[in-house]
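Chemist: In the numbering used here, each residue carries its 1-based index in the sequence shown increased by 21.
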Amino acid sequence: LPAVASTGAVTPPAAQAAAPGTHDIRVRVSLDPDLAARARLDGSATVFVIARPVAGPPMPIAVERHVVSELPFTATLDDADGPMPTAKLSGVDEVELVARISRSGDAAAQAGDLESAPLRVRLPAAAPVELVIGQAR
């Protein structure tokens, strides 16, 4: 339904901003047990949880950084996790999510990194999204 401003003017639905918290994404991240047994991971290796807009440049719209010793964990991505203040999670309707273990700690993906399969998610997402890190890059 259109919003009605205090002046009585009607704001079209497309022009309305997303309500705070409606585009937050809860992401449960885990490591495949078979991969964990083979990978010999340092507990301080960096785990990135990344959301990218489906349409547009590949620059992440939200990123959280964790460490392997926290696995499994639940991350909540929101506008505060955006690397660029002009690009907000609340400004997109669909994202691609991926979780990646970076042995170097670098945010750019490199050969040998371990990652989940990418998953497209329509926003707002009512339920937590599951990402399992289970493949080498």
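Glycine is no exception: its CB is placed at the ideal position from the N, C-alpha and C atoms.
(1) Would you tell me roughly how many angstroms separate the C-alpha atoms of GLN156 and GLU115, rounded to the nearest one?
(2) Are ARG158 and ALA129 close, meaning C-beta to C-beta below 8 Å?
(3) If you draw a straight line from the alpha carbon of GLU151 to that of PRO139, how long is it in whole angstroms?
(4) Quick check: ARG49 and PRO93, are their CB atoms within less than 8 Å of each other?
(5) In whole angstroms, what separates the C-alpha of ILE71 from that of ASP63?
(6) What distance in whole Å lies between the Cβ atoms of ALA120 and ASP99, which are believed to be in contact at a cut-off of 8 Å?
(7) Taking all protein chains shown into account, decide if ALA164 is buried (16 or more other Cβ within 10 angstroms of its Cβ) or exposed.
(8) Using C-beta distances below 7 Å, list every residue in its chain close to ARG86, excluding the 5 sequence neighbours before and after it, in chain order.
(9) Here's the rule I'm using: 16 or more other beta-carbon atoms within 10 Å means buried, otherwise exposed. How should ASP127 be labelled?
(10) When the distance is taken between beta carbons, is ILE46 closer than 8 Å to VAL153?
(11) Within the present structure, is the beta-carbon of SER90 separated from the nearest heavy atom of the ligand FMN by less than 7 Å?
(12) Look at the alpha carbon of ASP55 and the alpha carbon of GLU117, and state the distance between them as a whole number of angstroms.
(13) Alpha carbon to alpha carbon, what distance is there between ASP102 and PRO145?
Modeler: On the basis of the coordinates in this document:
(1) GLN156 and GLU115: Cα-Cα distance of roughly 24 Å.
(2) Taking 8 Å as the cut-off, the Cβ atoms of ARG158 and ALA129 do not count as close.
(3) Cα to Cα, the separation comes out at about 11 Å.
(4) Taking 8 Å as the Cβ cut-off, ARG49 and PRO93 qualify as a contacting pair.
(5) If you take the alpha carbons of ILE71 and ASP63, they lie about 21 Å apart.
(6) That belief does not hold up - the Cβ atoms of ASP99 and ALA120 are roughly 17 Å apart, past 8 Å.
(7) The requested residue 164 does not occur in the structure, where the chain is confined to residues 22 to 158.
(8) Closer than 7 Å at the Cβ level, and outside the excluded window around ARG86, lie THR67, PHE69.
(9) Under the 10 Å beta carbon count, ASP127 is surrounded by fewer than 16 other beta carbons and is classified as exposed.
(10) Cβ distance not < 8 Å, so VAL153 and ILE46 don't count as in contact.
(11) You won't find the ligand FMN in this model; it holds no ligand whatsoever.
(12) Between ASP55 and GLU117, the C-alpha separation is close to 25 Å.
(13) Straight-line spacing of the CA atoms in PRO145 and ASP102 works out to 16 Å.
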